[in-house]
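Chains as they are written, first to last, in our numbering: chain A, 655 to 839; chain B, 655 to 839; chain C, 655 to 839; chain D, 655 to 839. Yeah, the Cβ is synthetic: ideal placement off N, Cα and C, and Gly gets one too. Below you'll find the structure, written out as structure tokens, and then a few comments.
Number of protein chains: 4
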Amino acid sequence: MAKVAIVYHSGYGHTKLLAEAVAKGAASVAGTKVDLVPVEEADAKIEILNAADAIIFGSPTYMGDVSGQFKTWADTTAKVWFGQGWKDKIAAGFTNSGNLSGDKLNTLQTMWALAMQHSMIWVSLGVMPKTEKDGLVLNRLAGYGGAFSISENAAPGPDNPDKGDIATGAALGQRVAEVTKKFKG
Amino acid sequence: MAKVAIVYHSGYGHTKLLAEAVAKGAASVAGTKVDLVPVEEADAKIEILNAADAIIFGSPTYMGDVSGQFKTWADTTAKVWFGQGWKDKIAAGFTNSGNLSGDKLNTLQTMWALAMQHSMIWVSLGVMPKTEKDGLVLNRLAGYGGAFSISENAAPGPDNPDKGDIATGAALGQRVAEVTKKFKG
Amino acid sequence: MAKVAIVYHSGYGHTKLLAEAVAKGAASVAGTKVDLVPVEEADAKIEILNAADAIIFGSPTYMGDVSGQFKTWADTTAKVWFGQGWKDKIAAGFTNSGNLSGDKLNTLQTMWALAMQHSMIWVSLGVMPKTEKDGLVLNRLAGYGGAFSISENAAPGPDNPDKGDIATGAALGQRVAEVTKKFKG
Amino acid sequence: MAKVAIVYHSGYGHTKLLAEAVAKGAASVAGTKVDLVPVEEADAKIEILNAADAIIFGSPTYMGDVSGQFKTWADTTAKVWFGQGWKDKIAAGFTNSGNLSGDKLNTLQTMWALAMQHSMIWVSLGVMPKTEKDGLVLNRLAGYGGAFSISENAAPGPDNPDKGDIATGAALGQRVAEVTKKFKG
Chain A
655 MAKVAIVYHS GYGHTKLLAE AVAKGAASVA GTKVDLVPVE EADAKIEILN AADAIIFGSP
715 TYMGDVSGQF KTWADTTAKV WFGQGWKDKI AAGFTNSGNL SGDKLNTLQT MWALAMQHSM
775 IWVSLGVMPK TEKDGLVLNR LAGYGGAFSI SENAAPGPDN PDKGDIATGA ALGQRVAEVT
835 KKFKG
Chain B
655 MAKVAIVYHS GYGHTKLLAE AVAKGAASVA GTKVDLVPVE EADAKIEILN AADAIIFGSP
715 TYMGDVSGQF KTWADTTAKV WFGQGWKDKI AAGFTNSGNL SGDKLNTLQT MWALAMQHSM
775 IWVSLGVMPK TEKDGLVLNR LAGYGGAFSI SENAAPGPDN PDKGDIATGA ALGQRVAEVT
835 KKFKG
Chain C
655 MAKVAIVYHS GYGHTKLLAE AVAKGAASVA GTKVDLVPVE EADAKIEILN AADAIIFGSP
715 TYMGDVSGQF KTWADTTAKV WFGQGWKDKI AAGFTNSGNL SGDKLNTLQT MWALAMQHSM
775 IWVSLGVMPK TEKDGLVLNR LAGYGGAFSI SENAAPGPDN PDKGDIATGA ALGQRVAEVT
835 KKFKG
Chain D
655 MAKVAIVYHS GYGHTKLLAE AVAKGAASVA GTKVDLVPVE EADAKIEILN AADAIIFGSP
715 TYMGDVSGQF KTWADTTAKV WFGQGWKDKI AAGFTNSGNL SGDKLNTLQT MWALAMQHSM
775 IWVSLGVMPK TEKDGLVLNR LAGYGGAFSI SENAAPGPDN PDKGDIATGA ALGQRVAEVT
835 KKFKG
């Protein structure tokens, strides 16, 4: 059984939809247990993260980086870092924001730096830009280090973020579950 | 009169000492008005930032990036960003953390991304690594995009952060004030 | 007279079109002298760069960073760096690549790091995402630290890169010239 | 048998010493085949890289990023990228330069971006800052995403780079070999 935890912040619900897609993608791999942990509950549910084989980080990109809520939670993991409790866990990341490229890469770099401090192992997206699948376009934003999505300035819904972006999140979740399974042996 | 504001977060007081050095350096330039604004007061004192010619960002590096407190404040500047109220202001940055390089550069990259979203103009440190001045070693950490300091795991004091690192902060403050003055004409 | 130099590499001609647009934008500001310097000639024309008030860096994004040709040239500037010959010059950057966001931000971060080592002053793009102007959409890629363009996998031409992306380059050139003029007094 | 290839550039021989330490660390893990490939030979020896289970990237930090030689080689891997020939290989990185932190992190970010484009899996250093081992101090530079070393401005030798930095490289090599072995099952 490979355990995949997704810890994320969502301000208006768009990143939550992406997080749920990542979870669904991970759950599609046989023998995978998936936990979705909003950052607001992450301190209380730290045992879920500590027990996970993989932790996937998710946050909106606000002002060019992870959100304050995500970062505030990330800072609390210094306790775990001190004892290197997450060493060798698999890591990955995703982010949503309101425009094309923006500074989404800086958000992933911050998540990567966090994962590196925890001595984790970072999994790439593994989907080439503009890959077509089931009538959708995956990775239209040409991310490589993780999954990117765009939300329009409207309530979250079945087309917001875009269906292809959502499917990109699912592909990331599936890939992380597969890599984790292989790594656990 | 060139107005320089320093907005910073300090968890244990080390970054505060660096912030005060930056302020002192800026104030050493004739015709400069300097304001030190802790992030806890930054929302209430937003008019000081809005009126400034230069804003210098300061934060500890926690888990590889600016602190959650700094980032939470940075997110509130989205209101200003929307109207591009800080366009053409001068920007710069500094950070303190408990080890040599760590991921201090990622912290500066996040501050730079923030400044770029606000359409600001970013000033480099302008001090070569290991520059000797008044018996101190400036920029021993070989930063270029801003000022770096190291604190030992002990209460802040006259040698914590190191005197040379503190002097590096003062050099950054002085440089920003000089550039701002020149830019204002 | 403000002197703006644009030093760029172009593999297939798309980045060259963007460089020419940046040059045109800069030249549109009265009292600006503009030089376009391909990296292949940059060593021979180093005096042009040394005499410039502003240097704008341009490169394709290849494999997530500036091109090898651009980087090979950048390394030769270590001689100038040693004497800090470009200190206080204005800097900016632009990049072109074949997909949306890709890792264009990493390219700008590399150019920024180069400018910081030279103790330069970095100017942001200053154009909000999806700004409409003269029937074109500027900054559709939501860059902030510099100008981004996309080229299709075809010969360069009037629509490749996209006209709005090209106009974004012109806006960057104009802004750099204006800031440089103001800074020179 | 886990195959680990180290592809590196060294301008003056310091990074070569670090590369050799990484190789020695990897070879210390039973059942590991190690190949050291200077970038000058990497095009001719591409089959070694294509057959490897793990590729470790090494470069000096020049002007804030990988060297021009390293980047020029990295660009040639676009052919492999197009067919995603390195998908799921393990990746890691190391860099040497003449000062403390400098912009070494930017060099690692560039190597990480390269690895992500190739859909690889990135392994962290996994050694806490200032770890003492066999009378040496490992990771004194507080890197997390890879191994950092400093060289003095003198010929390479048994103390240049520092013995602790060299041992940090060996620790990275060992860790990559262990992770690769586990991942191969």
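Query, Result
"Chain-ordered chain D contacts of B:GLY756 [CB-CB under 7 Å]", "ALA796"
"Other residues of its chain near D:SER805: CB distance less than 7 Å, five sequence neighbours each side excluded", "HIS668, ASN750, GLY752, ASN814 and PRO815"
"Close Cβ partners of B:GLY823 (< 8 Å) along its chain, the five nearest in sequence each way excluded", "LEU672, ALA673, ALA675, VAL676, GLY679, PHE748, ALA801 and SER803"
"Below-8 Å beta-carbon distance, A:TRP766 vs any chain D residue", "yes"
"Interface residues of chain B facing C:GLY839 [CB-CB closer than 8 Å]", "LYS836 and GLY839"
"Under the three-state DSSP convention, the category D:ALA680 falls into", "helix"
"For D:LEU792: DSSP bridge partner residues", "D:THR785"
"Limits of the unbroken alpha helix (DSSP H) element including C:THR834", "817-838"
"Segment limits, alpha helix (DSSP H) that includes B:ASP729", "722-730"
"Inter-residue spacing [alpha-carbon to alpha-carbon] between A:ALA808 and A:SER664", "14 Å"
"Distance CB(A:SER778)-CB(A:GLY799) smaller than 8 Å", "yes"
"Residues that DSSP places opposite C:SER778 in a beta bridge", "In the DSSP output, where bridge partners are listed per residue, C:SER778 has none listed."
"Residue from C:SER713, C:VAL693 and C:MET655 with nearest C-alpha to C:ALA705", "C:MET655"
"Cβ of B:VAL833 within 8 Å of any chain C Cβ", "yes"
"Neighbourhood of B:GLY780 by C-beta distance below 7 Å, restricted to the same chain and skipping five residues each side", "ARG829"
"Sheet register partners of B:ASN814 (DSSP bridge)", "B:GLY811"
"A:THR726 versus A:GLU694 - alpha carbon distance", "10 Å"
"Pairwise C-alpha distance: D:MET770 and D:LYS835", "21 Å"
"Coil, strand or helix - C:ASN760 by DSSP", "helix"
"Closer than 7 Å at the beta carbon, the chain D residues around C:GLN738", "Correct list: empty, because the minimum Cβ distance to chain D is about 13 Å."
"Contact under 8 Å by Cβ, A:THR764 with B:GLY718", "yes"
"Alpha helix (DSSP H) segment containing B:ASN753, residue limits", "That residue, B:ASN753, is in no alpha helix (DSSP H); it is neither H nor E in DSSP."
"Neighbour list for C:GLY780 in chain B, Cβ cutoff strictly below 7 Å", "LYS741 and SER773"
"Chain-order list of residues whose beta-carbon lies under 8 Å from that of B:LYS741 (same chain, five-residue window excluded)", "HIS772, SER773 and MET774"
"Rounded separation between B:ALA732 and C:VAL720 - CA only", "30 Å"
"Neighbour-count burial assignment, C:GLU786, 16 or more Cβ in a 10 Å radius", "exposed"
"Continuous beta strand (DSSP E) stretch holding B:ALA844: start and end", "Nothing can be reported for residue 844 of chain B: it is not among the residues displayed for chain B, which extend from 655 to 839."
"Per DSSP, the bridge partner or partners of B:GLY799", "DSSP output for B:GLY799 lists no bridge partner at all."
"Spatial neighbours of C:LEU768 in its chain, beta-carbon cut-off 6 Å, leaving aside the 5 residues before and after", "ALA728"
"Opposing strand residues paired with A:VAL661 [DSSP bridges]", "A:VAL691 and A:PHE711"
"Residues of the stretch 687-699 of chain C whose Cβ lies closer than 9 Å to any Cβ of chain D, in chain order", "none"
"Where A:GLY799 meets chain D, residues with beta-carbon distance less than 8 Å", "TRP766, ALA767 and MET770"
"Chain-ordered chain C contacts of B:TRP727 [CB-CB under 9 Å]", "Neighbours of B:TRP727 on chain C: none; closest Cβ ~19 Å, over 9 Å."
"C-alpha distance - A:GLY839 paired with C:LYS784, whole-angstrom precision", "48 Å"
"Residues that A:ASP719 bridges to, as DSSP identifies them", "A:TYR716"
"Chain D within 8 Å of A:GLN828, Cβ atoms only", "no"
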